[in-house]
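For reference, the structure discussed in these notes is given below.
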Ligand code: RIB
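In my numbering, the protein residues as written are 7 to 316.
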């Protein structure tokens, strides 16, 4: 029997990444001479959508571009990656921009200017309420207005649709939100906003679970991910050792792939192992969306490198 798969629905940002490559990220007040510059499609929401769609999972995105020169190319990039763009809208004004410093080490720092991402509002969510209610999982981040995200998460909670919230960039969140989340996935920098600095992953995960989140993934880059579920086990899933070229979008790749693997019935630790393989491939390539691997690439990687241990 061919059972229709429930889609992944991403509610989030889409931006053009303006990437300046540099030997190292400048300190405050310092000017450095860069080595190259490129513009590529990005935005945490769009990156997560592309990550899931490249893995051949039905994925739709709800978001907004501007009517400037950047808007249509951003939509085209989503479309050509296989993301459903029917719920995407265009509004007068500028599209989202991300100014990225990419160091030779592969590490980055980012300043985003929201543009059209700031114009995703409650009414936009309501226009796509039926799609959201039918989703297998909804992925959110924090690059569109918090009010809109809270509204969307309320809708999901009422409809029993699981939500994965990537708190990026980190921002204070209302206490009542946590019990509505299936997954909360901060990286190390983001986690620092929610707990006192230096809290060990097991203690940090426990604090989040105590606040009502059902599942926690603490993304720790090259160290791996600490995955904990309420009333269940908590375990490290080690990262794969690879030659890092560009970490932009690696966390997004992880989230998109993690969602795919969960919806395909993997347990959270196997899903994180799969996501970690996808993210490992992504950091060996340049660009956010451009670096997201397809299913065959992840399967081959896992065949060769099944264990994350070196
Ligand atoms: O997570 C990476 C993304 O963050 C970049 O693509 C950039 O657009 C910023 O939003």
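Note that CB positions come from ideal geometry on N, CA and C, so glycine has one too.
Next on the checklist: Quick check for students: name the residue ranges of the beta strand (DSSP E) that lie wholly in the region 43-128, counting only runs of 3 or more.
Outcome noted: Those beta strand (DSSP E) runs which fall completely within the region 43-128 and span 3+ residues are 65-72, 94-97, 102-109 and 114-119.
Next on the checklist: Can you tell me whether residue 130 is buried or exposed? The criterion is at least 16 other CB atoms within 10 Å of its CB, across all chains shown.
Outcome noted: Residue 130 comes out buried.
Item to check | Assigned exposure category for residue 249 - 16 Cβ within 10 Å defines buried | outcome: exposed
Item to check | Contacts around residue 242, its chain only, beta-carbon distance under 7 Å, and the 5 residues preceding and following it disregarded | outcome: 230 and 232
Item to check | Nearest-angstrom beta carbon gap, residue 73 and residue 45 [assumed within contact, 8 Å] | outcome: 18 Å between Cβ atoms; not a contact.
Item to check | Separation of residue 184 from residue 4, as counted between CA atoms | outcome: Given a span of 7 to 316 for the chain in the structure shown, any question on residue 4 remains unanswerable.
Checklist entry - Can the beta-carbon of residue 284 be found closer than 7 Å to that of residue 263? => result Contact check for residue 284 against residue 263 passes: the beta carbons are separated by less than 7 Å.
Checklist entry - DSSP puts residue 21 in a beta bridge; with which residues? => result 48 and 102
Item to check | residue 39, buried or exposed, once every other Cβ within 10 Å from all chains shown has been counted against 16 | outcome: exposed
Checklist entry - With 16 as the cutoff for other CB atoms within 10 Å, does residue 164 come out buried or exposed? => result exposed
Checklist entry - In chain order, what residues of the same chain lie with their CB nearer than 7 Å to the CB of residue 309, ignoring the 5 residues before and after it? => result none
Next on the checklist: Beta-carbon within less than 7 Å of residue 215's beta-carbon, same chain only, minus the 5 sequence neighbours each way: which residues are those?
Outcome noted: 222, 234 and 236
Item to check | One or two residues paired with residue 230 in a DSSP bridge | outcome: Looking at the DSSP assignment, residue 230 forms a beta bridge with 244.
Checklist entry - By DSSP, does residue 213 sit in helix, in strand, or in coil? => result Helix.
Item to check | For residue 262, the first and last residue of its enclosing alpha helix (DSSP H) | outcome: 256-269
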